[in-house]
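Enquirer: To convert, count from 1 in the sequence shown and add 1040; that's my numbering. Glycine included, each C-beta is placed from N, C-alpha and C at the ideal position. Encoded as structure tokens, here's the structure I'll be asking about.
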Amino acid sequence: MKKVLALVAACLLVGCTSEKVTENPILTIEGGQVQGVNADIDGVVVYRGIPFAAPPIRENRWKAPQPVRPWEGVKVCDTFGHPAFQGAHYEGGYTTEWGYGDEKTYSEDCLYLNVWTKASAQPEKKLPVALWIFGGGLREGWGSEPEFDGQEFAAKDVVLVSFNYRVGPFGFFAHPELLEEAGEQASGNFGTLDQIEALKWVQKNIAQFGGDPDNVMIFGQSAGSRSVKTLCASPLTKGLFNKAVIMSGSGLQLPTDPVPVIAGRPLPPATPLTLQDAAAQIKEVADWANLTSLEKLRSAATETIYSLGTFYTNVTGKRSPLNAMPISPYVNDYVLPESFDDACLDGTLANVPYMIGYTLNDAGNMRPLIENFCLNREEKGDKAYAYQFARPLPDDGSQPDVTARLKGAFHSSDLWYVFKSLKHCWRPWTQGDRDLSEKMINAWSNFCKYGNPNGAEDGEWQPFTQENKNFMVFKLNEAEAENSAMGEPLSAN
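What follows is the structure in structure tokens.
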């Protein structure tokens, strides 16, 4: 009877779940103690919903991430945290493709991260660490989407970290009173500061999970890869990562290049909006809505702030940074003194190995700008490995609302393969797809470990240089691809 009562007491203390946690070690990290739960893959433990900063709400709205609030007892990390507040996602297109619907409600209280590992409480393991940055135009998305399941990376002896950051007007917002409040640390790029805070959290805590803080890869797709580019250009990230992967985020736009068009819209200018210009423009919008002080802005309802730019445009016909599509971080003296393109050209970009690529039917032809970037890196003494994902995704006709919009090797289609998360998708995968996914996750995990997608030694995938202008092409062989017909992948040369 005493044993039963002790077991009940233990459950009440840590919060029992249906997943086994009793054999998983309790870790002491910044904020308190955490315990993970078992993933589907034997030996992999996942920690869901770890707070890495205080909730950015009320007085913390539009402030840099504040220190995490300590918690009592052991936090059993069995539930993902809230995604950042954003617009509702409706059935069809990407929403159905990724199987959204099981996530928590959207909230400004969103600064949570997740860790998948095979080496909890084994700091001597020093496994490489991959920090994933999700995309979504800096307006939407979250780190725990089904396609970002990190357990297959952990099975490859990589500690995978994903996280949420502030998006939309909560993540990228400027105002003269905010500039005055923050002083020299004013940036307006609160979502970017969240990303940097996640990197700092890795430095301070990842050893507890068996990770090596001196061997960190950052990688992201779409707006996530634009975030990677921003981090590579920011002086605040020096020493926080060692490799970078840019997935479907274009490359380097030279001054002589024509302005590229993505999904019918020109890309953000090579020189993004300055913080001062953004502050003046957003103040005009806030004053129009009678939110004439920082106090009023911080006390306004979440929904009011979210819809502010849309209402302003609908009534006045004018646009503002709050309506930017896509959002581009502001240039400022603190977080982003110059654009990514300028950092490439003047040599201040992070000197690390890079992987960079796009999909066959991506949002525009990114290849010329990717080539520019790779040759620039060669000139600066860095390695850059280029790739194209060229597998048209299989379709069984069961989701016509998806495939009417998402065709071939569409923008984001490579995510299922990079994370080897095919089991979460409705598509009729073949053995060829599973083999291709294995090849890709091996390349990404090898790059995380060694800065080389081939592994510890050189292999078939060579860096893109003046003498070797090759892209690694990820596709099925001819026999496997017989039933796929969406464009011809470029040759390897």
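1) Just the Cα atoms here: how many angstroms apart are Gly1404 and Pro1366?
2) Give the C-beta separation of Tyr1374 and Glu1224 to the nearest angstrom, bearing in mind that I take them to be a contact with Cβ-Cβ under 8 Å.
3) Spatial neighbours of Gln1073 within its chain, please: C-beta separation below 8 Å, excluding the five flanking residues on both sides.
4) Taking only the alpha-carbon atoms, compute the straight-line gap between Gly1141 and Ala1128 and give it to the nearest angstrom.
5) Do you know how far the Cα of Val1256 is from the Cα of Phe1459?
6) Any idea if Gln1506 is buried or exposed, counting beta-carbon neighbours within 10 angstroms, 16 or more meaning buried?
7) Let me know the secondary structure DSSP gives Trp1172 once reduced to three states.
8) Of the residues Pro1493, Leu1151 and Lys1144, which one's Cα is nearest the Cα of Ala1094?
9) At what residue ranges does the stretch 1099-1175 contain a whole run of the alpha helix (DSSP H), taking only runs of 4 or more?
10) If I'm right that Asn1064 touches Val1084 with Cβ under 8 Å, what's the distance once you round it to whole angstroms?
11) Does Ala1496 come out as helix, strand or coil in the three-state DSSP assignment?
12) Short check: CB of Tyr1352 to CB of Gly1397, under 8 Å?
13) I need the straight-line Cα distance from Ser1274 to Gln1235, nearest angstrom please.
14) Which partner residues does Phe1249 have in the DSSP bridge list?
15) Just to confirm the assignment: which complete beta strand (DSSP E) runs, minimum length 3, are found wholly within the stretch 1368-1438?
16) Thinking C-alpha only, which one of Val1199, Ala1341, Gly1175 and Glu1500 is nearest Ala1159?
17) Report the three-state DSSP secondary structure of Ala1329 (helix, strand or coil).
18) Does the stretch 1210-1219 touch the stretch 1092-1106, meaning 3 or more C-beta pairs lie closer than 8 Å?
19) Can you list, in chain order, the residues of its chain whose CB lies under 7 Å from that of Leu1292, leaving out five sequence neighbours each side?
20) To the nearest angstrom, how far is it from the Cα of Asp1297 to the Cα of Trp1501?
21) How is Phe1459 classed by DSSP in three states: helix, strand or coil?
22) Quick check on this structure: which residue in Gln1162, Arg1467, Thr1399 and Ser1333 has the alpha carbon closest to the alpha carbon of Leu1219?
23) Report the option in Gly1289, Asn1372, Phe1259 and Ala1364 whose CA atom is closest to the CA atom of Leu1276.
Expert: Well, looking at it:
1) Cα-Cα distance, rounded: 14 Å.
2) 7 Å
3) Ile1066, Leu1067, Gly1113, Val1114 and Lys1115
4) 11 Å
5) Taking the straight line from one Cα to the other gives about 17 Å.
6) Exposed, since its Cβ has fewer than 16 Cβ neighbours within 10 Å.
7) In the structure shown, Trp1172 sits in a strand (DSSP, three-state: E or B).
8) The residue among Pro1493, Leu1151 and Lys1144 with its C-alpha nearest the C-alpha of Ala1094 is Leu1151.
9) As far as the stretch 1099-1175 is concerned, its whole alpha helix (DSSP H) runs of at least 4 residues are 1133-1138.
10) Rounded, the Cβ-Cβ distance is 11 Å, inconsistent with contact.
11) coil
12) No, Cβ-Cβ distance for Tyr1352 and Gly1397 is not below 8 Å.
13) 12 Å
14) Its beta-bridge partners do not exist; DSSP assigns none.
15) 1394-1399 and 1424-1429
16) Nearest option by C-alpha distance: Val1199.
17) coil
18) yes
19) Within the same chain, Asp1381, Cys1384, Leu1409, Asn1412, Phe1413 and Asn1416 come within 7 Å of Leu1292 by CB-CB distance, once the 5 residues on both sides are set aside.
20) 28 Å
21) coil
22) Ser1333
23) Asn1372
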